[in-house]
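In the working numbering, the protein residues as written are 5 to 109.
For every residue, glycine included, the Cβ atom is placed at its ideal position computed from N, Cα and C.
All values reported here derive from a predicted model rather than from experimental measurement.
Single-structure report; data block below.
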């Protein structure tokens with residue numbers, strides 16, 4: 005459970021969610037989120053066997069079914085953005101094609 009939770013926090017962080025948002029999802033404070041993200045990064049970097057085994061199914065599932073944001077997420081994120089860093093993160097997600105945009109005819 006702990007390894008899967010750490011992996012999900014890292015994934016959410018890479019997908020552009022901030023520490024506060026991730027903490028709210030898991031009912032944790034930002035310091036605990038930071039600890040879990042660093043822990044997951046370390047385990048992935050060092051190919052820690054138990055961590056990789058614990059998160060294998062979850063990693064495969066997310067590779068097979070990537071989460072795409074919809075156009076409403078993009079609009080909401082731009083409106084709610086309060087910093088240049090936030091806009092840069094949105095730009096990165098756009099370049100990674102993480103928003104599912106609808107064409108208006």
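Same chain, Cβ closer than 8 angstroms to residue i, neighbours up to 5 away in sequence not counted
i: residue 54; result: 7
i: residue 46; result: 52
i: residue 33; result: 27
i: residue 93; result: 20
Residue from the options with nearest C-alpha to residue i
i: residue 79; options: 95, 56, 32 and 65; result: 95
i: residue 102; options: 83, 92 and 70; result: 70
i: residue 5; options: 98, 42, 18 and 61; result: 61
i: residue 77; options: 31, 35 and 98; result: 98
Contacts around residue i, its chain only, beta-carbon distance under 7 angstroms, and the 5 residues preceding and following it disregarded
i: residue 37; result: 13, 23, 26 and 27
i: residue 58; result: 7 and 8
i: residue 41; result: 13, 14 and 17
Proximity below 9 angstroms, CB of residue i to CB of residue j
i: residue 81; j: residue 20; result: yes
i: residue 44; j: residue 87; result: no
i: residue 29; j: residue 48; result: no
Own chain, CB closer than 6 angstroms to residue i, minus 5 neighbours either side, in chain order
i: residue 85; result: 91
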